[in-house]
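Trainee: Under the working numbering, the sequence shown is numbered contiguously, ending at residue 185. Beta carbons: idealized from backbone N, C-alpha and C, even for Gly. A quick note: this is a predicted structure, and the numbers were derived from the prediction, not measured. Next up is a structure, given as structure tokens.
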Amino acid sequence: MLGLAAEKEAVALGVPMAVSLADGEGLPLYFGRMDGALPAATDIAVSKAYTAAVLRMPTHEVGKLAQPGSMLYGIQNTHGGRIVLFGGGFPLKLGGKVAGGVGISGGTVDEDMRVALPVVELLAQMESCSFAIKEILPQDLKVEDCIGRLETILPQALSQAYGNVPAGLSVLLTGAIYLAAAKTT
1 MLGLAAEKEA
11 VALGVPMAVS
21 LADGEGLPLY
31 FGRMDGALPA
41 ATDIAVSKAY
51 TAAVLRMPTH
61 EVGKLAQPGS
71 MLYGIQNTHG
81 GRIVLFGGGF
91 PLKLGGKVAG
101 GVGISGGTVD
111 EDMRVALPVV
121 ELLAQMESCS
131 FAIKEILPQD
141 LKVEDCIGRL
151 ETILPQALSQ
161 AYGNVPAGLS
171 VLLTGAIYLA
181 AAKTT
């Protein structure tokens with residue numbers, strides 16, 4: 001869901017990009033590369049997601065701290081050269097803690113950041129909605145029992161009930177329900 005949100009934003013910009021999502025340890029969870037994306041965008045997107053996840057900060061902020069004389073000067077030479085010092089990578093947070101990272105590459109730094117930010121915002125919206133949804137879900141609900149079905153029936157049900165549903169609403173709600181059902185607290 002988050003990867004597709006990034007790709008949708010890239011399409012709106014008219015710039016083919018690579019999209020990477022990593023877990024909190026920087027390990028890849030999702031990767032997508034649009035037709036026409038620069039070949040170099042593949043490794044750069046993965047490295048941006050990794051950097052944002054393991055350093056717990058946006059890649060453009062790492063770049064500021066890695067300037068000569070700054071406290072992280074030379075960090076790009078660690079981690080096998082996977083640390084990125086320019087924008088397009090952001091940490092993804094759940095419960096106020098970094099749960100992963102998103103990395104976007106293929107456009108200018110500003111375009112990469114513009115495509116990544118909606119992913120951060122969508123996850124925050126999903127989490128916010130999940131708190132309300134959690135209150136009404138049965139305690140013994142298993143995530144795997146409902147998510148696959150929701151992804152197919154939710155858009156149809158919302159359209160039938162409310163007519164013209166805003167783009168992205170079913171994705172937001174499906175993600176929120178997933179987060180609500182997956183929470184253990």
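1. According to DSSP, Asp23 sits in a beta bridge with which residue or residues?
2. Do you know how far the Cα of Val46 is from the Cα of Met113?
3. In terms of residues, what are the limits of the beta strand (DSSP E) holding Gly89?
4. If we count Cβ pairs, one from each stretch, closer than 8 Å, do we get three or more for the stretch 5-25 versus the stretch 111-125?
5. Quick check: the stretch 88-98 against the stretch 26-41, are at least 3 beta-carbon pairs closer than 8 Å?
6. What is the DSSP secondary structure of Phe131, reduced to helix, strand or coil?
7. Have a look at Asp110 and Ala12 and give me their C-alpha separation to the nearest angstrom.
8. Buried or exposed: Glu127, going by 16 or more other Cβ atoms within 10 Å of its Cβ?
9. Within the same chain, show all residues whose beta-carbon is closer than 6 Å to that of Phe31, passing over the 5 residues directly before and after it, in chain order.
10. Count the other CB atoms within 10 Å of the CB of Gly14; is the residue buried (16 or more) or exposed (fewer)?
Mentor: From the atom records:
1. Reading the sequence shown from its first residue, position 23 is the one you call residue 23. According to DSSP, Asp23 bridges with Gly100.
2. As a first step, residue 113 must be located in the sequence shown, where it is residue number 113. As a first step, residue 46 must be located in the sequence shown, where it is residue number 46. Cα to Cα, Met113 sits roughly 14 Å from Val46.
3. Counting from one through the sequence shown, the residue named residue 89 turns up at place 89. Start and end: 89-94.
4. yes
5. no
6. In the sequence shown, the residue the question calls residue 131 occupies position 131. Phe131 falls in the helix class under three-state DSSP.
7. The residue you call residue 110 lines up with position 110 of the sequence shown. The residue you call residue 12 lines up with position 12 of the sequence shown. Rounded to the nearest angstrom, the two C-alpha atoms are 14 Å apart.
8. Counted from its first residue, the sequence shown places residue 127 at position 127. So Glu127 ends up on the buried side.
9. Here residue 31 corresponds to residue number 31 of the sequence shown, with the count starting at 1. So the list reads Ser20, once near-sequence residues are dropped.
10. For the purposes of this step, residue 14 is taken as the residue at position 14 of the sequence shown. Under this definition Gly14 is an exposed residue.
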